[in-house]
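K.L.:
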């Protein structure tokens, strides 16, 4: 971990010297000294990692390095904030600023002396000699030579300890269930045919990682269930806490509404009456309650369904330690989940290691069976170990792995100690970058389905993704996420239409591991673990919206804090007073990440002083993005959800050259870009904007856009003679375009010849554009188009006859809400679909 943090600090110092040189005017030499010392520390850490020494850095030294890095960040960031607030008009005149940087250099210098026993080089004692060493030796190290040395050391050492090589085979596969077919049949029969009192609630009981949720999900998606029940709802109970939150979550699945304030103010009894009214009007319903831990949840649904169940059914998953009190209270006969047999364990291991291919080496079969045997029939342990083995193929590697494995001991108390050892075996094989990205999952609540795009944006804002000139940060982050999925450490919950990861999360056992490991390194804290005093090394703080008031009442202080998250599992939002916002911004002045979509905020004066923010996700009654937001020079991602129907951006976002993603839930009107446009913007995402914002100058400035969403009355934009669509030719990299028409047309619209300017487009979504089906073949001339989604009234008419040629790369075609009756096409006209 310390290596990643040092490297991130070094990258920030380099950027400060080159991109923000005006902010350090007058102190260039002090910053140069600090940067060169950090370079040397980084080189020493690289050497320790390369040489694979048996005496790894002591944990106390690792913590000292981490603490020193954090202090450097604090000192630099405090200086930047003062500069941006104009409290130090000229750094040259500030002795205080120079002393801060000099003191940081002294601290790093002290660390280098402590690193001497770990380095094969004899480190010079004077600073000047250290700089000569940097310039003459360490800067000449090439990655290819480093890799060759590293592989040589691996062959001499224990392969069990090395970082895995790239995985073979497909990047991922759909989840499959082994050993649960008979189990599923028994439970489904009880749900469909059971009529007795004991079949209203069917609890599935098992240990952590035994597969309770996997079995429940298999049953939930069974076609017999969907045919028999009018609707099915899945509620992950464990992380919701209060019954009211569960009520709101259940209600969310029953009705669709944009206004939840009327329900947020209701008590449990009022919500119960509303739910009862809805249930009485519909057919049978199945509710899956995943990870039930308290009796009040059972009591609530028992009251709703009554003693006879009214034909409705509840399927619950319960951990072993909670079974007695829960099942007795529910008065149900639980279904105790069986453990996998040795053969089933090996089949699961083999499938997860080799995908759908057979084992390539007969000698691995015996080893694989012994490895699977040590997992004691617990599926999650088999899956975790398989993830660690996927990069290995030789017999000697499997033999060493098997010899180093612990054997899980069954424990009636559901103790997770040995399970953590299994997780640690897989965790130890990750690269440092992947370790930090994996631990980051502890930021989210347990059972929380995480949008992949959001996770990737946060990883980048937190500087967890290493810079590489050969690919973008987003591409590297996607590969990192896919690698964690391939190693069975992250579960894919939902995929996009073209097979990319859409939402994901980690198993509860892995979430607990991430939480404990992150806490051990003071990487992240949850409010339930701390009081008003936040440890000095804590950089990330997570608070559930349900306890936010309690947290703020403690008047917390954390001037070293870099990330503040507030999550909710329901539609409800926490409204913050101006005094709350003022306290948050005063208590955490160096924030880089503020994820507060569950809270209702305003752009107060204090909020607009958080100049270092890189990631903002907030909600409120915004009508305008104010001008001062244009001073957030480090902003990368801006996510705004407003209850208003319009949003005007007055801040000069074109000056924010680091801004990569702008998401709004309503169409935003962009400010006019400067003329001439000057340096190109880094914007990759604009979703959503108004047609009025689609000017030639705006797109010329945002020429790196990959995703664009446009919404409002699209008539003027679509005009073939002078429409704004022709300005799309300024977007050289556009891959995804979404067009929603909200207005009526004065005359019949014509589909513009998009193919002339959208050479790179891969995904196109049209809604309510009301084109004629006879024109749809124009879209076939988009040479890179892979996904075409035609939503409500995108095209009108009853016949679409696809002409020869076109749609050569199309893989997914989705047509919704159309009056189309006849579609004439052949596989030759969509060869990739």
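Residue numbers (the numbering used here): 52 to 884.
Where is the CB? At the ideal position from N, CA and C, for every residue including glycine.
CA-CA distance, residue 416 and residue 113?
P.N.:
One-based indexing of the chain shown puts residue 416 at position 365. One-based indexing of the chain shown puts residue 113 at position 62. The straight-line gap from Cα to Cα measures roughly 40 Å.
K.L.:
Mapping DSSP to helix, strand and coil, what is residue 367?
P.N.:
If you number the chain shown from 1, residue 367 lands on position 316. Residue 367 falls in the strand class under three-state DSSP.
K.L.:
Would the region 273–292 count as touching the region 250–258 if we require 3 or more Cβ pairs under 8 Å?
P.N.:
Contact fails: fewer than three Cβ-Cβ distances are below 8 Å.
K.L.:
Would you kindly check if the distance between the Cβ of residue 675 and the Cβ of residue 701 is under 8 Å?
P.N.:
Here residue 701 is taken as the residue at index 650 of the chain shown, counted from 1. Here residue 675 is taken as the residue at index 624 of the chain shown, counted from 1. Closer than 8 Å, so yes.
K.L.:
Taking C-alpha atoms, which residue in 480, 236 and 456 lies nearest to residue 469?
P.N.:
Position 418 of the chain shown holds residue 469. The residue with the shortest Cα to Cα distance from residue 469 is 456.
K.L.:
Excluding the five sequence neighbours on either side, which residues of its own chain have a C-beta within less than 8 Å of the C-beta of residue 54, listed in chain order?
P.N.:
For this step, residue 54 is matched to residue 3 along the chain shown. Within the same chain, residue 54 has close Cβ partners 93, 96, 97, 100 and 483.
K.L.:
Quick one: measure Cβ to Cβ for residue 761 and residue 742, integer angstroms, because I've assumed they're closer than 8 Å.
P.N.:
What you label residue 761 is simply residue 710 of the chain shown in a count that begins at 1. What you label residue 742 is simply residue 691 of the chain shown in a count that begins at 1. Contact holds; Cβ gap of about 6 Å.
K.L.:
Hey, how far is the Cα of residue 549 from the Cα of residue 861?
P.N.:
Looking up residue 549 in the chain shown gives position 498. Looking up residue 861 in the chain shown gives position 810. Going by the C-alpha atoms only, they are around 10 Å apart.
K.L.:
How many Å lie between residue 189 and residue 149 at the Cα?
P.N.:
What you label residue 189 is simply residue 138 of the chain shown in a count that begins at 1. What you label residue 149 is simply residue 98 of the chain shown in a count that begins at 1. Residue placement at residue 189 is flagged as unreliable, the pLDDT there being 33, under the threshold of 50; a coordinate-derived value is accordingly withheld.
K.L.:
Going by other Cβ atoms of all chains shown within 10 Å of its Cβ, with 16 needed for buried, is residue 70 buried or exposed?
P.N.:
As a position in the chain shown, residue 70 is number 19, starting the count at 1. Label assigned to residue 70: exposed.
K.L.:
Output needed for residue 334: all residues of its chain with C-beta closer than 6 Å, excluding positions within five of it in sequence on either side, in chain order.
P.N.:
Indexing the chain shown from 1 puts residue 334 at position 283. Result list for residue 334: 281, in chain order.
K.L.:
Helix or strand or just coil, what does DSSP make of residue 288?
P.N.:
Residue numbering aside, residue 288 sits at position 237 when the chain shown is read from its first letter. Here residue 288 sits in coil by DSSP.
K.L.:
Do three or more CB pairs link the region 310–326 to the region 264–278 at distances below 8 Å?
P.N.:
Verdict: no, contact absent.
K.L.:
Going by beta carbon distance, what residues of the same chain come within less than 8 Å of residue 652, once the five residues before and after it are set aside?
P.N.:
Position 601 of the chain shown holds residue 652. Excluding positions up to five away in sequence, the list reads 627, 632, 658, 669, 670 and 671.
K.L.:
Please report how far the alpha carbon of residue 791 lies from the alpha carbon of residue 765, in whole angstroms.
P.N.:
Numbered from 1 along the chain shown, position 740 holds the residue referred to as residue 791. Numbered from 1 along the chain shown, position 714 holds the residue referred to as residue 765. Distance between the alpha carbons of residue 791 and residue 765 is about 8 Å.
K.L.:
Under 8 Å, with one C-beta from each stretch per pair, do the region 712–727 and the region 683–691 reach the 3-pair mark?
P.N.:
With the cut-off at 8 Å, the region 712–727 and the region 683–691 touch.
K.L.:
Comparing alpha-carbon positions, which option in 426, 845 and 390 lies nearest residue 400?
P.N.:
To locate residue 400, count along the chain shown from 1; it is residue 349. That would be 426, whose Cα lies nearest to the Cα of residue 400.
K.L.:
Beta-carbon within less than 6 Å of residue 66's beta-carbon, same chain only, minus the 5 sequence neighbours each way: which residues are those?
P.N.:
Position 15 of the chain shown, counted from the start, is the residue given in the question as residue 66. The answer is none, since no qualifying residue turns up.
K.L.:
Which word fits residue 221, buried or exposed, when buried means at least 16 other C-beta atoms lie within 10 angstroms of its C-beta?
P.N.:
Taking the chain shown and counting its residues from 1, the one referred to as residue 221 is at position 170. For residue 221, the pLDDT reaches just 31, beneath the cut-off of 50, and the residue's location in the model is therefore unreliable, although a value from the coordinates is still provided. Exposed, by the Cβ-count rule.
K.L.:
Residue range of the alpha helix (DSSP H) that residue 749 falls in?
P.N.:
Reading the chain shown from its first residue, position 698 is the one you call residue 749. 747–752 is the span of the alpha helix (DSSP H), which, as asked, contains residue 749.
K.L.:
At the level of alpha carbons, what is the spacing between residue 538 and residue 558?
P.N.:
Within the chain shown, residue 538 is the residue found at index 487, counting from 1. Within the chain shown, residue 558 is the residue found at index 507, counting from 1. Approximately 13 Å between the Cα atoms of the pair.
K.L.:
Taking C-alpha atoms, which residue in 816, 486, 236 and 125 lies nearest to residue 863?
P.N.:
Residue 863 sits at position 812 when you count from the first residue of the chain shown. Per the Cα distances, 816.
K.L.:
What does a CB cutoff of less than 8 Å around residue 783 pick up in its chain, not counting 5 residues either side in sequence?
P.N.:
To locate residue 783, count along the chain shown from 1; it is residue 732. Within the same chain, residue 783 has close Cβ partners 754, 755 and 811.
K.L.:
Alpha carbon to alpha carbon, what distance is there between residue 824 and residue 787?
P.N.:
Here residue 787 refers to the residue found at position 736 when the chain shown is read from its first residue. Here residue 824 refers to the residue found at position 773 when the chain shown is read from its first residue. If you take the alpha carbons of residue 787 and residue 824, they lie about 22 Å apart.
K.L.:
Decide if residue 354 is buried, meaning its Cβ has at least 16 other Cβ atoms within 10 Å, or exposed.
P.N.:
Numbered from 1 along the chain shown, position 303 holds the residue referred to as residue 354. Per the 10 Å Cβ criterion, exposed.
K.L.:
Need the endpoints of the beta strand (DSSP E) that residue 755 sits in, please.
P.N.:
Residue 755 sits at position 704 when you count from the first residue of the chain shown. From DSSP, residue 755 is part of no beta strand (DSSP E); its letter is neither H nor E.
K.L.:
Examine the ligand ZN and report whether any of its heavy atoms sits within less than 7 Å of the Cβ of residue 271.
P.N.:
The ligand content of the structure shown is nil, which means the ligand ZN is not present either.
K.L.:
Apart from the five residues on each side of it in sequence, which residues of its chain come closer than 6 Å, Cβ to Cβ, to residue 229?
P.N.:
One-based indexing of the chain shown puts residue 229 at position 178. If we look at residue 229 and ignore the five residues flanking it on each side, its Cβ neighbours are 395, 398 and 399.
K.L.:
Pick from 493, 660, 720 and 698: whose alpha carbon is nearest that of residue 566?
P.N.:
Here residue 566 is taken as the residue at index 515 of the chain shown, counted from 1. Out of 493, 660, 720 and 698, 493 has the C-alpha closest to the C-alpha of residue 566.
K.L.:
DSSP puts residue 658 in a beta bridge; with which residues?
P.N.:
Taking the first residue of the chain shown as 1, we reach residue 658 at position 607. Residue 658 is not bridged to any residue.
K.L.:
Give me the residue from 316, 650, 329 and 74 with the minimum Cα distance to residue 304.
P.N.:
Residue mapping note: residue 304 aligns to position 253 of the chain shown, counting from 1. When only C-alpha atoms are compared, the closest one is 329.
K.L.:
Could you tell me how far apart the beta carbons of residue 664 and residue 686 are, in whole angstroms, since I believe they sit closer than 8 Å?
P.N.:
Numbered from 1 along the chain shown, position 613 holds the residue referred to as residue 664. Numbered from 1 along the chain shown, position 635 holds the residue referred to as residue 686. Confirmed, Cβ separation roughly 6 Å.
K.L.:
What three-state label does DSSP hand residue 844 in the structure shown?
P.N.:
Residue mapping note: residue 844 aligns to position 793 of the chain shown, counting from 1. In the structure shown, residue 844 sits in coil (DSSP, three-state: anything other than H, G, I, E or B).
K.L.:
What is the DSSP secondary structure of residue 638, reduced to helix, strand or coil?
P.N.:
Position 587 of the chain shown, counting from 1, holds the residue named residue 638. Looking at residue 638 - three-state DSSP - the assignment turns out to be helix.
K.L.:
Ordered along the chain, which non-local residues of its own chain (more than five positions away) have a Cβ less than 6 Å from that of residue 820?
P.N.:
Sequence index remark: in the chain shown, residue 820 carries index 769 (1-based). Excluding positions up to five away in sequence, the list reads 792 and 845.
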